[in-house]
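Peer 1: My questions all concern the structure below.
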Amino acid sequence: MGTESNAAVVALQKAYKLERDGQEFYTQAAERTVDPKGAEMFRSLADDEVLHAQIIQRQMDSLAEGQGWASAADLDVGDVDLDAPLFPEGKVALDKAIRPDASDLDALLFALKIENDSFSLYVEQAKSATDANAKRMYEYLVGAERTHFDLLMTNYEAISSMGGWAD
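Once you know that position 23 of the sequence shown is 50 in our numbering, the rest is easy, because the numbers rise by one and skip nothing.
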């Protein structure tokens, strides 16, 4: 395995861990969230993280078997802007917005951090990917993490301003 392949495997291992950690967190958050809308959102996110981990595992297996990157043609990438930040107003502003006594908000803030960490890794890897299948997979994951972030932020804002989960 060449240096580029080693770096790819290291990035994939980090990505896989982020997805598995996210799945575990979302599963626990679903169990602890009393509101049915919040619990369902967290369960859905946990399911998505399992799918993302499977996509990443497929790539790790293909590289480990010396077959290069597996085809990513089945992934619907959509329109992904790798230069658009996830936190439009900056993470510091979001960190200051959290109320220390609100457990649902704490869970959402932590979830936003998880998505930001994954998003940042996937953008970095998509920009540096030289293989078309690697680039496509990472772009797909960038889009998925942005969708997760937007859903979480919508609920964060709904709970902060209206006291309940978004519909």
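From the three backbone atoms N, C-alpha and C, an ideal C-beta is built for every residue, glycine too.
Keep in mind the model is a prediction, meaning the values are calculated, not measured.
1) So for D122, helix, strand or coil by DSSP?
2) Only counting the same chain, and skipping five residues up and downstream in sequence, which positions put a Cβ closer than 8 angstroms to that of D75?
3) Straight-line CA distance for Q40 to L109?
4) Note down the Cα distance separating R85 from L102, rounded to an integer number of angstroms.
5) In whole angstroms, what separates the C-alpha of E92 from that of V169?
6) Does the beta-carbon of M180 have 16 or more other beta-carbons within 10 angstroms, so that it is buried, or is it exposed?
7) Nearest by alpha-carbon distance to F52: which of A159, R173, A156, I141 is it?
8) For a test of your reading of the model: does the CB of A66 fall under 7 angstroms from any non-hydrogen atom of the ligand ADP? Yes or no.
9) Give every residue of the same chain whose Cβ lies closer than 6 angstroms to the Cβ of V37, excluding the five residues on either side of it in the sequence, and list them in chain order.
10) Within 10 angstroms of the Cβ of S145, are there 16 or more other Cβ atoms? Answer buried if so, exposed if not.
Peer 2: According to the structure shown:
1) Counting from one through the sequence shown, the residue named residue 122 turns up at place 95. Since pLDDT at D122 reaches only 48, below the 50 mark, its modelled position is unreliable, and the value read off the structure follows with that caveat. Reduced to three states, the DSSP call for D122 is helix.
2) For this step, residue 75 is matched to residue 48 along the sequence shown. Taking D75 as the centre and dropping the five residues before and after it, the same chain places the C-beta of A171, H175 closer than 8 angstroms to its C-beta, in chain order.
3) As a working mapping, residue 40 is identified with position 13 in the sequence shown. As a working mapping, residue 109 is identified with position 82 in the sequence shown. Cα-Cα distance, rounded: 21 angstroms.
4) Position 58 of the sequence shown, counted from the first residue, corresponds to residue 85. Position 75 of the sequence shown, counted from the first residue, corresponds to residue 102. Straight across, the Cα-Cα distance linking R85 with L102 is about 13 angstroms.
5) As a first step, residue 92 must be located in the sequence shown, where it is residue number 65. As a first step, residue 169 must be located in the sequence shown, where it is residue number 142. One C-alpha to the other measures close to 26 angstroms.
6) Taking the first residue of the sequence shown as 1, we reach residue 180 at position 153. That one is buried.
7) Start at 1 with the first residue of the sequence shown, and residue 52 comes out as number 25. The candidate whose alpha carbon is nearest that of F52 is I141.
8) Ligands displayed in this structure: none; no statement on the ligand ADP is therefore possible.
9) Translated into positions along the sequence shown, residue 37 becomes position 10. Excluding sequence positions up to five before and after V37, its CB lies less than 6 angstroms from no other CB in the same chain.
10) Position 118 of the sequence shown, counted from the first residue, corresponds to residue 145. Buried.
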